[in-house]
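Listed in order, the protein sequences are those of chains X and E.
Position 319 of the first sequence, counting from 1, maps to 319 under this note's numbering, and the rest follow consecutively.
Position 194 of the second sequence, counting from 1, maps to 1194 under this note's numbering, and the rest follow consecutively.
Where is the CB? At the ideal position from N, CA and C, for every residue including glycine.
Please read these numbers as outputs of a predicted model, since none were measured by experiment.
Protein chains: 2
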Amino acid sequence: MKRREFIKHGGIAGVLAAGTAPAFAQGQEFRWRMTSSFPKSLDTLYGANEQVAKRVAELTNNKFQLRTFAAGEIVPGLQVLDAVQNATVEVGQTAMYYYFGKNPTFSFATCLPFGLNNRQQNAWWHHGGGEQAYNEFLKAYNCVAIAGYNTGCQMGGWYRKEIKSVADIKNLKMRIGGPGGVILARMGATPQQIAGGDIYPALEKGTIDAAEWVGPHDDEKLGFNKIAKFYYAPGWWECNSMGHFIVNDKAWATLPKEYQHAFITACHESNVMTMAKYDHLNPIALRKLVAGGAQLRVFPRDVMQAAYKASNDQFDEWASKFPEFKKIYETWTKYRSDEALWFNVAEGSFDRFMGSLGSTGAAPAKGAPAKKA
Amino acid sequence: MKRREFIKHGGIAGVLAAGTAPAFAQGQEFRWRMTSSFPKSLDTLYGANEQVAKRVAELTNNKFQLRTFAAGEIVPGLQVLDAVQNATVEVGQTAMYYYFGKNPTFSFATCLPFGLNNRQQNAWWHHGGGEQAYNEFLKAYNCVAIAGYNTGCQMGGWYRKEIKSVADIKNLKMRIGGPGGVILARMGATPQQIAGGDIYPALEKGTIDAAEWVGPHDDEKLGFNKIAKFYYAPGWWECNSMGHFIVNDKAWATLPKEYQHAFITACHESNVMTMAKYDHLNPIALRKLVAGGAQLRVFPRDVMQAAYKASNDQFDEWASKFPEFKKIYETWTKYRSDEALWFNVAEGSFDRFMGSLGSTGAAPAKGAPAKKA
């Protein structure tokens, strides 16, 4: 058991152990550059960057320093993988599914539509063989990926009109990127790639009918509730969104083991801390959004079913074209099914009860039982 | 923002910074003893202990070593707090609600019946002021608590007969400890304290009608499915169960800052890793249990409502008797309500859909849409 544990947790360090500096050079200093796919305005995502840099410095008596750069400062936000692969920078903070155009296999590290939720993704990545399988795939890109943050299940975006059935998805012009856009296109929608700052005017003018961003905390800053008041859940295309720190493999091999451990541990800490921060901030923002006119809605069941079917059809297509995708997909899909069954039992039945209490029933000062039966 | 972040994340280090060794003594060695409330047979909980010890050694080039002891090896499992308070050992791994008999305020660190789920507890502890408020309370016990693992929502236990309504709770003799037992007693049941190894014969003979332990992975080892086949969800009295590493405050103050950071970071990493391990192992064990005759059930709504009311009534009583409880409870209860509302939106609607697909619908190879509407 102990030996298996060691191998499992030493997954990343293990991959490159052979190339590691042979002895810990006392006092040796490392100054690395870490570029992000995110702007500083996405304070929680970008904050993971800063937290990791701060913690690594604390753990190494300031001898291992990471200088952080926002998207565009030295590398454009969507070219972080290339910059790390080419050793332009040593480390990148990015969402791996941004690169799904190169190969859809990239998506497994972040999320797939109707994939794993936050805790299931952590389970698959750390204990279900995900990290090893994914880093095998990444070898061709000369980097290793370490899990470091998550947004949780995102929201399904802002709509100018209500979505009453799957027919309302057809011909919908929606700002959405990544694999989610591919699925919506299969359903007859027209996905559009629009940068964060340009979404508001496009939505206001009616150039687009809908737009998705992240969740309440990040969405609230952009003010969509003023021009597209129907706010839908869930963001089934981003049912969790695990973010990674990717390190150039040659740079990694120059690090003393102790610094490798410091970096990995700081990333893992940031994974739980960033999720906790979103879970703290989202309820506060949701309250403000609803007070500001947002109308909360859940996608109708037929929309969810059609999107689920379209997603699985797309996965089958990818599996037939990309052997790397197929290899991970076969174990991942069984994992997804087993996890969904288990989460429906204890976590699900508890969360459903608490969710059914509404805004007053959950106030225990009144000692009131729930009104809904 | 950065300054606030620093204060927030430096919470524990900050509390005792004044007493910290003034300069980092290069090469100074620390060998501490860490005693656990858990036996080694609870491999996942006890594994958190071992993971933290291993990681701290890796981060400090083996200069800070924690020697781990299982429950009873040097300190009985339920006396870990006392042993740390009296400096018999430097560190303890324990569930803080074990000590709720001293003061019910202890429960907030672990869970309260119908309290926060795993992610909500992380949010409250790390970003909602929980860690600071709790460590204020702990000062009187000469120790600091650092979050380090979680079981997630536990199961509601094994029953010889089905629970069809709240009337079936009355006169039920059930093995259950902690605050959950207090609530069940309010509902007319007779809670019994029975050590892990003695539960099976008591349940087999009918000395007790029901018993709760943890969740599928830990329960499966004890074989309850053979003698009390009705396996209920959720364990509303342990809707998350955050575990802690507690450190004697004088010992903590002797640690160089770098070692304090190593210990804190290793605990935070273990928090996400242990939850991920349970989430990996529980579906596997659940499958075996169901194959072995376990009949899965969800508590009827009237049982949940009565238990929820009894819990809130109990909290009100504690708040009127214990000012320390009242102080945390007032902010905690609002936090609970806001979090439950938010989790019902994105996470809830996604998990409900995935849970509704059943054991075949979630298998995407078939591309089948869900059968249930």
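Minimum Cβ-Cβ distance from Glu269 of chain X to chain E less than 8 Å: Taking the first residue of the first sequence as 1, we reach residue 269 of chain X at position 269. Closer than 8 Å to some Cβ of chain E, the Cβ of Glu269 of chain X qualifies, so yes.
Along the alpha helix (DSSP H) that carries Ile246 of chain X, what are the first and last residues, could you check? Start at 1 with the first residue of the first sequence, and residue 246 of chain X comes out as number 246. Note, Ile246 of chain X: premise wrong, no alpha helix (DSSP H); beta strand (DSSP E) at Met242 to Asn248.
Residue-level contact to chain E via CB, Lys277 of chain X, 8 Å cutoff: As a working mapping, residue 277 of chain X is identified with position 277 in the first sequence. True, the Cβ-Cβ gap to chain E drops below 8 Å.
Cβ-based neighbour list, Leu59 of chain X, same chain, cut-off 6 Å, excluding 5 preceding and 5 following: Residue mapping note: residue 59 of chain X aligns to position 59 of the first sequence, counting from 1. So the qualifying residues of the chain are Ala262.
Suppose you measure from the CA of Glu90 of chain X to the CA of Tyr134 of chain X; what does that come to, to the nearest Å? Reading the first sequence from its first residue, position 90 is the one you call residue 90 of chain X. Reading the first sequence from its first residue, position 134 is the one you call residue 134 of chain X. The straight-line gap from Cα to Cα measures roughly 19 Å.
Cα-Cα separation between Phe69 of chain X and Ser36 of chain X, rounded to whole angstroms: For this step, residue 69 of chain X is matched to residue 69 along the first sequence. For this step, residue 36 of chain X is matched to residue 36 along the first sequence. Roughly 6 Å between the two C-alpha positions.
Pick helix, strand or coil for Lys1372 of chain E, following the three-state DSSP scheme. Mapped onto the second sequence, residue 1372 of chain E falls at position 372. With a pLDDT of only 35 at Lys1372 of chain E, under 50, the local geometry of the prediction cannot be trusted, and the value read off the model is given with reservation. Coil.
Excluding sequence positions up to five away, which residues of its chain have a Cβ less than 6 Å from the Cβ of Ala21 of chain X? Position 21 of the first sequence, counted from the start, is the residue given in the question as residue 21 of chain X. In this prediction, Ala21 of chain X has a pLDDT of 40, which is less than 50 and means its spatial position is unreliable; what the coordinates show is noted afterwards. So the qualifying residues of the chain are Pro256.
Using a Cβ cut-off of 9 Å, which residues of the region 35-62 of chain X contact any Cβ in chain E, in chain order? Asp43, Gly47, Glu50, Gln51, Lys54, Arg55, Glu58, Leu59, Thr60 and Asn61
Using a threshold of 8 Å, state whether the C-beta atoms of Asn117 of chain X and Ser241 of chain X are closer than that. Mapped onto the first sequence, residue 117 of chain X falls at position 117. Mapped onto the first sequence, residue 241 of chain X falls at position 241. Not in contact: Asn117 of chain X and Ser241 of chain X (Cβ atoms no closer than 8 Å).
Residue(s) in a DSSP beta bridge with Leu1066 of chain E: Looking up residue 1066 of chain E in the second sequence gives position 66. E:Trp1032, per the DSSP bridge assignment.
Would Leu1108 of chain E count as contacting chain X if we go by Cβ distances under 8 Å? Sequence index remark: in the second sequence, residue 1108 of chain E carries index 108 (1-based). In the sequence under discussion, the amino acid at residue 1108 of chain E is Phe, which differs from the Leu named in the question. No, no contact with chain X.
Taking Cβ-Cβ distances shorter than 7 Å, what residues in chain E pair up with Asn135 of chain X? As a working note, residue 135 of chain X is residue 135 in the first sequence. Going along chain E, no residue has its Cβ under 7 Å from Asn135 of chain X, so there is no contact; the nearest lies around 17 Å.
Along the region 1226-1244 of chain E, where does the CB come closer than 7 Å to a CB of chain X? Name the residues. Ala1233, Pro1234, Gly1235, Trp1236 and Cys1239
What do you get for Ile7 of chain X, buried or exposed, if any count of 16 or more other CB atoms within 10 angstroms of its CB means buried? As a position in the first sequence, residue 7 of chain X is number 7, starting the count at 1. Bear in mind that the predicted position of Ile7 of chain X carries a pLDDT of just 35, short of 50, making it unreliable; the figure below should be weighed with that in mind. Result: exposed.
I need the DSSP call for Thr60 of chain X, collapsed to helix, strand or coil. Here the question's residue 60 of chain X lines up with position 60 in the first sequence. In the structure shown, Thr60 of chain X sits in coil (DSSP, three-state: anything other than H, G, I, E or B).
Inter-residue spacing [alpha-carbon to alpha-carbon] between Ser1270 of chain E and Met273 of chain X: Position 270 of the second sequence, counted from the first residue, corresponds to residue 1270 of chain E. Position 273 of the first sequence, counted from the first residue, corresponds to residue 273 of chain X. Computed Cα separation, rounded: 12 Å.
Decide if Asn1062 of chain E is buried, meaning its Cβ has at least 16 other Cβ atoms within 10 Å, or exposed. As a first step, residue 1062 of chain E is located in the second sequence; it is residue number 62 there, counting from the start. Answer is exposed; the Cβ neighbour count stays below 16.
Cβ of Cys1153 of chain E less than 8 Å from any chain X Cβ? As a first step, residue 1153 of chain E is located in the second sequence; it is residue number 153 there, counting from the start. Yes - at least one Cβ of chain X is within 8 Å of the one on Cys1153 of chain E.
Strictly under 8 Å for the Cβ-Cβ distance: is Ser1165 of chain E near chain X by that measure? Against the second sequence, residue 1165 of chain E aligns to sequence position 165. No, Ser1165 of chain E lies away from the interface with chain X (no Cβ there is under 8 Å from its Cβ).
Per-residue burial, Met354 of chain X [other beta carbons within 10 Å of its own, 16 or more giving buried]: Stepping through the first sequence from its first residue, residue 354 of chain X is reached at position 354. With 16 or more Cβ atoms within 10 Å of its Cβ, Met354 of chain X is classed as buried.
Establish whether the CB of Asp218 of chain X and some CB of chain E are separated by less than 8 Å. By 1-based counting over the first sequence, the position of residue 218 of chain X is 218. No, Asp218 of chain X lies away from the interface with chain E (no Cβ there is under 8 Å from its Cβ).
Between the region 1300-1313 of chain E and the region 304-313 of chain X, can you find at least three pairs of beta-carbon atoms closer than 8 Å? no
So with Cβ pairs under 8 Å, would you call Thr1265 of chain E a contact of chain X? What you label residue 1265 of chain E is simply residue 265 of the second sequence in a count that begins at 1. Yes, its Cβ sits closer than 8 Å to a Cβ of chain X.
Enumerate in chain order the residues of its own chain whose CB-to-CB distance from Ala266 of chain X is below 6 Å, with the five nearest sequence positions on each side excluded. Stepping through the first sequence from its first residue, residue 266 of chain X is reached at position 266. Excluding sequence neighbours, Ala266 of chain X sits near Val52, Arg55 and Val56.
Would you say Gly1148 of chain E faces chain X, with C-beta separation under 8 Å as the test? Within the second sequence, residue 1148 of chain E is the residue found at index 148, counting from 1. So, not an interface residue.
Whole-number beta carbon distance between Leu1172 of chain E and Ala1189 of chain E, since they are thought to touch under 8 Å: If you number the second sequence from 1, residue 1189 of chain E lands on position 189. If you number the second sequence from 1, residue 1172 of chain E lands on position 172. Going by Cβ atoms, the distance from Ala1189 of chain E to Leu1172 of chain E rounds to 4 Å, so yes, they are a contact pair.
Using a Cβ-Cβ distance under 8 Å, would Asn1171 of chain E count as near chain X? To locate residue 1171 of chain E, count along the second sequence from 1; it is residue 171. By this cut-off, Asn1171 of chain E is not an interface position.
Under 8 Å, do Met155 of chain X and Ala1340 of chain E count as touching if we go by C-beta distance? In the first sequence, counting from the first residue as 1, residue 155 of chain X sits at position 155. In the second sequence, counting from the first residue as 1, residue 1340 of chain E sits at position 340. With respect to the 8 Å criterion, Met155 of chain X and Ala1340 of chain E are not classified as neighbours on the basis of their beta carbons.
Less than 8 Å between CB atoms is the rule here; does Glu162 of chain X satisfy it with respect to chain B? The structure shown contains no chain B; its protein chains are X and E.
Output, in sequence order along the chain, the residues in the region 1108-1122 of chain E whose CB is closer than 8 Å to any CB in chain X. Phe1114, Asn1117, Asn1118, Arg1119, Gln1120 and Asn1122
Cα separation between Gly178 of chain X and Tyr98 of chain X? For this step, residue 178 of chain X is matched to residue 178 along the first sequence. For this step, residue 98 of chain X is matched to residue 98 along the first sequence. Cα to Cα, Gly178 of chain X sits roughly 6 Å from Tyr98 of chain X.
Starting from Val91 of chain X, find everything on chain E with Cβ-Cβ shorter than 9 Å and list it in chain order. To locate residue 91 of chain X, count along the first sequence from 1; it is residue 91. What Val91 of chain X touches in chain E: nothing, since even the nearest Cβ is about 18 Å away.
When the Cα atoms are used, what is the spatial distance from Gly1260 of chain E to Gln1121 of chain E? Within the second sequence, the letter at position 260 stands for residue 1260 of chain E. Within the second sequence, the letter at position 121 stands for residue 1121 of chain E. The question names Gly, but residue 1260 of chain E in the sequence shown is Gln. Distance between the alpha carbons of Gln1260 of chain E and Gln1121 of chain E is about 23 Å.
Would you please verify whether the beta carbon of Ser1320 of chain E is less than 8 Å from any beta carbon of chain X? As a working note, residue 1320 of chain E is residue 320 in the second sequence. Cβ-Cβ to chain X under 8 Å: no for Ser1320 of chain E.
Roughly how many angstroms lie between the CA atoms of Glu324 of chain X and Leu1066 of chain E, to the nearest whole one? Taking the first sequence and counting its residues from 1, the one referred to as residue 324 of chain X is at position 324. Taking the second sequence and counting its residues from 1, the one referred to as residue 1066 of chain E is at position 66. So the two alpha carbons sit approximately 42 Å from each other.
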